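S.K.: One structure follows; several queries about it will come next.
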Amino acid sequence: MMKKQALARGFGLPISVGLVYFFLYIPIIVVIVFSFNDAHYAYVWRGFTTRWYYELWHSAEVWDALTNSLIVACSAVVLSLTMGVLVVWHGSHTALARLFPLFYGTLAAPEIVLAVGLLTLFSALDVELGFTSLIAAHTLLGLGYVVPMVHARFSNLDKTLTEASLDLGATRGQTFFKVILPLLFPSLFAAGLLVFIISLDDFLISFFCSGATAQTLPMYIFSMIRAGSTPVVNALSTVMLVVSSIFVLGFSWIQVRRMGMRGVRL
Amino acid sequence: MNIVARIKSACMRESSFFMALPAFIWQLIFLYVPLIFVIVASFMKVDEKLSLGALTLEHYASFTDPLYWVVIGRSLLLAMCAAIACGIMAYPVAYYIALRATRWKNVLLFFLILPFWINLLVQVYAWFFVLEKNGLVNTVLLKLGIIAEPLRLLNTPFAIFIVMLYCYLPFMAMPIYSILERFNQRLIEASLDLGATPWQTFMRVTLPMSLPGLKTGFFLVFVPSFGEFVIPVLTGGGKKLFVGSMISLYYLDAGDTQLGAAFTMLSGVVLLIVSLFLNWLFKRIVRVSAGGQ
Numbered sequence: 001m002m003k004k005q006a007l008a009r010g011f012g013l014p015i016s017v018g019l020v021y022f023f024l025y026i027p028i029i030v031v032i033v034f035s036f037n038d039a040h041y042a043y044v045w046r047g048f049t050t051r052w053y054y055e056l057w058h059s060a061e062v063w064d065a066l067t068n069s070l071i072v073a074c075s076a077v078v079l080s081l082t083m084g085v086l087v088v089w090h091g092s093h094t095a096l097a098r099l100f101p102l103f104y105g106t107l108a109a110p111e112i113v114l115a116v117g118l119l120t121l122f123s124a125l126d127v128e129l130g131f132t133s134l135i136a137a138h139t140l141l142g143l144g145y146v147v148p149m150v151h152a153r154f155s156n157l158d159k160t161l162t163e164a165s166l167d168l169g170a171t172r173g174q175t176f177f178k179v180i181l182p183l184l185f186p187s188l189f190a191a192g193l194l195v196f197i198i199s200l201d202d203f204l205i206s207f208f209c210s211g212a213t214a215q216t217l218p219m220y221i222f223s224m225i226r227a228g229s230t231p232v233v234n235a236l237s238t239v240m241l242v243v244s245s246i247f248v249l250g251f252s253w254i255q256v257r258r259m260g261m262r263g264v265r266l
Numbered sequence: 001m002n003i004v005a006r007i008k009s010a011c012m013r014e015s016s017f018f019m020a021l022p023a024f025i026w027q028l029i030f031l032y033v034p035l036i037f038v039i040v041a042s043f044m045k046v047d048e049k050l051s052l053g054a055l056t057l058e059h060y061a062s063f064t065d066p067l068y069w070v071v072i073g074r075s076l077l078l079a080m081c082a083a084i085a086c087g088i089m090a091y092p093v094a095y096y097i098a099l100r101a102t103r104w105k106n107v108l109l110f111f112l113i114l115p116f117w118i119n120l121l122v123q124v125y126a127w128f129f130v131l132e133k134n135g136l137v138n139t140v141l142l143k144l145g146i147i148a149e150p151l152r153l154l155n156t157p158f159a160i161f162i163v164m165l166y167c168y169l170p171f172m173a174m175p176i177y178s179i180l181e182r183f184n185q186r187l188i189e190a191s192l193d194l195g196a197t198p199w200q201t202f203m204r205v206t207l208p209m210s211l212p213g214l215k216t217g218f219f220l221v222f223v224p225s226f227g228e229f230v231i232p233v234l235t236g237g238g239k240k241l242f243v244g245s246m247i248s249l250y251y252l253d254a255g256d257t258q259l260g261a262a263f264t265m266l267s268g269v270v271l272l273i274v275s276l277f278l279n280w281l282f283k284r285i286v287r288v289s290a291g292g293q
């Protein structure tokens, strides 16, 4: 009796874990399979084709949306990283450091509140919705991640490094570029990547702040889903799944390598 | 000290101050000023210029209509169900990866986090294939002869719930995993050695210790799913309103910014009160479970 119970428990956990992974991956697998389905509107298998990928490659709308998304994401990364590094390096040793919690507000507020607030601001100031408003909004999202991440890394740096560099005759500028920036680089890279992905991923804020001119990739997918599915979206989803996986793999590989290097060095 | 050096260092300090400013200004203009705008707009009469005389409570007065409370209550219920279901599903996985898995630990962890990085719209879209009338679930159930007619799954509250559970699962799994990962396994051994059954050990040692992770996960799921827009709109058929869709209706379709702002404020306040209450409840549970030992 006891043995039977123990046996059930021994298998119960792996089985429930397996079920959760099944739940996580079944929709993904089905989308990938159906992106090769030779049928227009059916969710029924009608044979293998790659023509949706061909159509995806030749769809001007998708390329436009991708270009828009990339422009917005890259601008948001550059702007939020620049301002974030400046505020951490110049603000940490002044009274401004006490105001750093202000940057946590972006993460604490529900996204719909941010979206509504930004829309109100832009219409109050008569700013035309488009790239400007989108980049402003995504840079705000970015700052919410960059400042806490870079500040955390900066606070962990040995303060004597800056002092030593200054004592040895380097200017503050030289100290920043030759000592601090290389040390901050891992956190800058991680924060930049995170902001890039979050910007590419964001739908709600873009939906409120982009107007008709700057349609991003998630907005394109949203309008396609609403209009009724077309197989091109299946192909696009599959491509995005693959790209995300490569990103995550690369990111974990870098982290594992960094941990390994740290192990060797220290 | 000579005066030139003093001026120079003063300038340095000043320039330092100015270099730190852009980020703060950006944060103020695009986060805090808009929030103030929303608050002010919620007290403004429609179509009037900003002045003291244009202030009104009429938008808030309209919240005596139960319609608004039904929408808020529905969103609260959905967010609560999603958070609890996420907890039930994520716990065994996080437990297994943190305490049991050996060789496949990193692989399992990778596949647990991966969906988190997939675009939300792609995740939602993927579920159409599973829940559609001719989708996977119906096909399988029909083939097995369990049902005679295809079930209506898409455009129901059930679809919203399942997709929400799916999209927010990593938010729950990660905090639980990270707390169990740091968990001292000797405590489990000690408990077993002292004669507790595995079940008692889990209930009296492991679970109470991992409550902080569950709590973090709960709020990471509960707060965003309360205002969730995409999932109810795409999988719920759009007939039942939720807080997110209601707000967007006011702002984007009806153009009623003032009432929209008031409704945003109302739901924000409700969310805050409920979160504070749940936080208090969690603290009590932790205290009681610690006292029980």
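As you go down the protein sequences, you meet chains A and B in turn. So for the first sequence, my numbering puts the first residue at 1; every next one is plus one. So for the second sequence, my numbering puts the first residue at 1; every next one is plus one. The beta carbon of each residue, even a glycine, is placed where N, CA and C say it ideally should be. Please read all numbers here as calculations on a predicted model, not as lab measurements.
(1) Distance, Cα to Cα, residue 271 of chain A vs residue 217 of chain B?
(2) So, residue 104 of chain B versus residue 248 of chain A, is the Cβ gap smaller than 7 Å?
(3) Take every Cβ of the region 94 to 101 of chain A, pair it with every Cβ of the region 155 to 169 of chain A, and state whether three or more of those distances are shorter than 8 Å.
(4) Would you identify the three-state DSSP class for residue 2 of chain B, choosing helix, strand or coil?
(5) Express the C-alpha separation of residue 83 of chain B and residue 64 of chain A in angstroms, rounding to a whole number.
(6) Does the separation of the CB atoms of residue 94 of chain B and residue 176 of chain B fall below 7 Å?
(7) Check whether the Cβ of residue 185 of chain B lies closer than 7 Å to any Cβ atom in chain A.
(8) Three or more beta-carbon pairs under 8 Å between the region 52 to 72 of chain B and the region 131 to 145 of chain B, yes or no?
(9) Checking 7 Å against the spacing of the C-beta atoms, do residue 114 of chain B and residue 97 of chain B come in under that value?
(10) Given this structure, state the Cα-to-Cα distance separating residue 81 of chain A from residue 278 of chain B, to the nearest angstrom.
(11) Is the CB of residue 27 of chain B under 7 Å away from at least one CB in chain A?
(12) Could you compute how far the alpha carbon of residue 149 of chain B sits from the alpha carbon of residue 59 of chain A?
(13) Against chain A, does residue 129 of chain B count as a neighbour if the rule is that its beta carbon must be under 7 Å from one of theirs?
(14) Would you identify the three-state DSSP class for residue 48 of chain A, choosing helix, strand or coil?
(15) Determine whether the beta carbon atoms of residue 76 of chain A and residue 138 of chain A lie at a separation below 7 Å.
(16) Secondary structure at residue 55 of chain B, three-state DSSP: helix, strand or coil?
(17) Alpha carbon to alpha carbon, what distance is there between residue 28 of chain B and residue 35 of chain A?
(18) With 16 other CB atoms within 10 Å as the buried threshold, where does residue 256 of chain A fall?
(19) Pair every Cβ in the region 111 to 126 of chain A with every Cβ in the region 34 to 48 of chain B, then say whether three or more of these pairs are closer than 8 Å.
(20) Which residues, in order along the region 29 to 59 of chain A, keep a beta-carbon less than 8 Å from a beta-carbon of chain B?
(21) Check each candidate in B:263, B:205, B:204 and name the one with the smallest Cα separation from residue 66 of chain B.
(22) Indicate the three-state DSSP secondary structure (helix, strand or coil) for residue 37 of chain A in the structure shown.
(23) Do residue 168 of chain B and residue 221 of chain B have their CB atoms nearer than 7 Å?
(24) Would you kindly report the start and end of the unbroken alpha helix (DSSP H) that includes residue 111 of chain A?
(25) Mapping the DSSP letters down to three states, classify residue 285 of chain B as helix, strand or coil.
(26) Name the residue from B:215, B:259, B:272 whose alpha carbon lies nearest to the alpha carbon of residue 88 of chain B.
(27) According to the neighbour-count rule (16 or more other Cβ atoms, all chains shown, within 10 Å of its Cβ), is residue 258 of chain B buried or exposed?
(28) For the alpha helix (DSSP H) that residue 62 of chain B lies in, which residues bound it at each end?
M.R.: The short version:
(1) Only positions 1 to 266 of chain A appear in this structure, which leaves residue 271 of chain A out of reach.
(2) no
(3) no
(4) coil
(5) 37 Å
(6) yes
(7) no
(8) no
(9) no
(10) 36 Å
(11) yes
(12) 38 Å
(13) yes
(14) strand
(15) yes
(16) strand
(17) 45 Å
(18) exposed
(19) yes
(20) 30, 31, 34, 42, 43, 44
(21) B:263
(22) strand
(23) yes
(24) 111 to 124
(25) helix
(26) B:215
(27) buried
(28) Taken as a continuous stretch (DSSP letters only), residue 62 of chain B belongs to no alpha helix (DSSP H), as it is neither H nor E.
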